[in-house]
Amino acid sequence: MIELLFATGNKGKYIEAKEILEQQIPEVRIKQLDFKHIEIRSESIEEIAAEAVERAFEESRMPVFVEDSGLFIKTLNGFPGTYSSWVAKKIGNRGILKLLKGEKDRTAEFRAAISFRSQKNAKTIIGICKGEIAKTEKGNGGFGYDPIFVPKGHKTTFAQSIGLKNKLSHRYEALLEFSKYLKAHLRR
Ligand code: ITT
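Heads up: the sequence shown runs through residues -5 to 182, numbered per our numbering.
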């Protein structure tokens, strides 16, 4: 068994990552490192993740990864972006729907950056999921902005169809890439 830490305070992110990675690589066990540190300020999820994983590795000295993600809304110039977690706590989905009231272009995308660090290796991987912001909140699966996000080519929100989410989310895309990387590096 290979133990790998996921440093995150977000249980929803942890559950998704654990399911996907353990399915892809049977000999891997994902453990949560409940890790709280002050994130750097940046508009780039890659930069935030790459810095955070260094802190997590300093703390754990074990193979570890972090994931920084966010919702980027086109007509709001990418808001809430790297401030997604904070904005979700302050104004929530209702606040986002208010900001987009009467707006025709509801194009948005979720982005996720995974940064991995071990004694020997360091790697950052990006995943993107394109879609639109719904007119109202729908569904109660998932977490965060899932009730208002409709992936491209579909009619239901992520919160209405978690099965769908787990096959096409930004996190799934990044985790699949990450699992390929792990298969190539961990087994050596
Ligand atoms: P950690 O930093 O401890 O991992 P966090 O929740 O603060 O947890 P981020 O800074 O990466 O993580 O913030 C990402 C926010 O973006 C998250 O709190 C949600 O509000 C939103 N988000 C990210 N991925 C999402 C998803 O798959 N579905 C719904 N909302 C998501």
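Where is the CB? At the ideal position from N, CA and C, for every residue including glycine.
This one's a predicted model, so the numbers in the text were calculated from it and none came from an experiment.
On a Cα-Cα basis, can you pick out the residue from the options that is closest to residue i?
i: residue 83; options: 138, 164 and 159; result: 138
i: residue 21; options: 49, 160, 62 and 12; result: 12
i: residue 120; options: 6, 44, 32 and 31; result: 44
i: residue 59; options: 112, 79 and 19; result: 112
i: residue 90; options: 68, 110, 136 and 109; result: 68
i: residue 164; options: 47, 56, 81 and 125; result: 125
i: residue 110; options: 35, 135, 174 and 5; result: 174
i: residue 171; options: 122, 73 and 158; result: 122
i: residue 131; options: 92, 101 and 105; result: 92
i: residue 166; options: 56, 105 and 97; result: 105
Report all residues from its chain with a CB closer than 8 Å to the CB of residue i; omit the five preceding and five following residues, and keep chain order.
i: residue 23; result: -5, -4, -3, -2 and 16
i: residue 203; result: The structure shown does not extend to residue 203, since the chain is modelled only from -5 through 182, so no value can be given for it.
i: residue 3; result: 28, 29 and 30
i: residue 37; result: 72, 75 and 76
i: residue 81; result: 73, 74, 89 and 90
Would you kindly work out how many angstroms separate the C-alpha atoms of residue i and residue j, rounded to a whole number?
i: residue 71; j: residue 54; result: 37 Å
i: residue 0; j: residue 25; result: 6 Å
i: residue 99; j: residue 87; result: 17 Å
i: residue 95; j: residue 180; result: 48 Å
i: residue 65; j: residue 9; result: 19 Å
i: residue 162; j: residue 47; result: 25 Å
i: residue 35; j: residue 116; result: 21 Å
i: residue 63; j: residue 14; result: 17 Å
i: residue 169; j: residue 97; result: 33 Å
i: residue 85; j: residue 102; result: 18 Å
i: residue 7; j: residue 79; result: 12 Å
i: residue 159; j: residue 147; result: 13 Å
i: residue 114; j: residue 5; result: 28 Å
If you run the structure through DSSP and keep just helix, strand and coil, what is residue i?
i: residue 106; result: strand
i: residue 26; result: strand
i: residue 57; result: coil
i: residue 214; result: One cannot answer for residue 214 here, as it falls past the ends of the chain, which runs -5 to 182.
i: residue 21; result: coil
i: residue 98; result: coil
i: residue 35; result: coil
i: residue 118; result: strand
i: residue 45; result: helix
i: residue 63; result: strand
Once you ignore the five residues that flank residue i on each side, which residues in its own chain have a CB closer than 6 Å to its CB?
i: residue 135; result: 153 and 156
i: residue 51; result: 58 and 111
i: residue 144; result: 125, 126, 128 and 151
Spatial neighbours of residue i within its chain, please: CB distance less than 7 Å, with the 5 preceding and 5 following residues excluded, ordered by chain position.
i: residue 40; result: 107, 118 and 120
i: residue 33; result: 42 and 46
_Residues surrounding ligand 1 [beta-carbon distance to nearest heavy atom under 5 Å]_ = Near ligand 1, meaning a beta-carbon closer than 5 Å to one of its heavy atoms, we find 2, 3, 4, 62, 63, 64, 78, 79, 82, 138, 139 and 140.
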